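Note that my numbering gives residue 973 to position 137 of the sequence shown, counting from 1, and the numbers run on in steps of one.
Virtual Cβ for every residue (Gly too), placed ideally from N, Cα, C.
All values reported here derive from a predicted model rather than from experimental measurement.
Take a look at the structure set out below.
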Amino acid sequence: MRDSLDLLLDAEGEGAVREEWDRVAAAGVPGAGVRRDAGHAPHLTVAERDEVPAEADAALDALVAHLPLTLHLGAPLVLGAAGRRVVARVVAPTPALLALHAEAARLLRSGGARGGPPWSAPGRWVPHLTVTGRLTDDQVVPALTALGAPYEVVGARLRRWMPGTRTLRDVGSREG
């Protein structure tokens, strides 16, 4: 698994997303909301890399200056292949969000970070917030039906997730 840089929501936004997760679960669809530990908070993955040296990791602290960010959670998005679907919310690619993403990519690159999926590169990134994953095709429609109207939340905190060591590092936060 790849290391990630995640944008987490303020308390109100996290509550709104968890309510949506609960509606999906109430519709009989397994969801992200089943686990409530810190590692499974609603988030937007800003960057993924195979290797992040300490220099690149430390440089990410500067990204806190981009916070807080209003995130427009829009239409549902279905990702994945048959039998292994993911239902997510598209996050509108506002200029502020794209600036955060581009700066994260620049800092990681200049700090020597390597690898990462092609879909996370600037110009190819599709910002989204996962609602539920690992669905069969039959579970997709009930999951979509359980979602409400688009809404806004605030991204207020950045964290790094390092699955190799199962470590979370708080990069920093700024609320409005």
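Collapsed DSSP secondary structure at residue i in the structure displayed
{"i": "Thr799", "result": "For the chain, the structure presents residues 837 to 1012; residue 799 sits outside this window and is missing."}
{"i": "Gly952", "result": "coil"}
{"i": "Arg920", "result": "strand"}
{"i": "Ala979", "result": "helix"}
{"i": "Pro931", "result": "helix"}
{"i": "Arg1002", "result": "coil"}
{"i": "Ala883", "result": "strand"}
Burial state of residue i (16 or more Cβ within 10 Å)
{"i": "Gly959", "result": "exposed"}
{"i": "Trp857", "result": "buried"}
{"i": "Ala890", "result": "exposed"}
{"i": "Pro963", "result": "buried"}
{"i": "Ala940", "result": "buried"}
{"i": "His902", "result": "buried"}
{"i": "Thr966", "result": "buried"}
{"i": "Ala918", "result": "exposed"}
Inter-residue Cα distance where the pair is residue i and residue j
{"i": "Glu848", "j": "Trp961", "result": "26 Å"}
{"i": "Ala892", "j": "Asp839", "result": "12 Å"}
{"i": "Ala911", "j": "Pro978", "result": "15 Å"}
{"i": "Gly947", "j": "Val914", "result": "34 Å"}
{"i": "Ala957", "j": "Pro999", "result": "20 Å"}
{"i": "Glu1014", "j": "Gly864", "result": "Residue 1014 lies beyond the residue range present for the chain, which begins at 837 and ends at 1012; the question has no answer from this structure."}
{"i": "Ala938", "j": "Arg859", "result": "34 Å"}
{"i": "Met837", "j": "Ser1009", "result": "25 Å"}
8 Å contact criterion, which residue i and residue j should meet: CB distance rounded
{"i": "His879", "j": "Asp842", "result": "4 Å"}
{"i": "Glu1011", "j": "Pro904", "result": "6 Å"}
Between the region 987-995 and the region 916-924, do three or more beta carbon pairs fall short of 8 Å? no
*asked:* With three or more beta-carbon pairs closer than 8 Å as the criterion, would you say the region 972-986 touches the region 897-907?
replied: no
- [ ] Would you check if there are 3 or more beta carbon pairs closer than 8 Å linking the region 993-1006 to the region 970-978?
- [x] no
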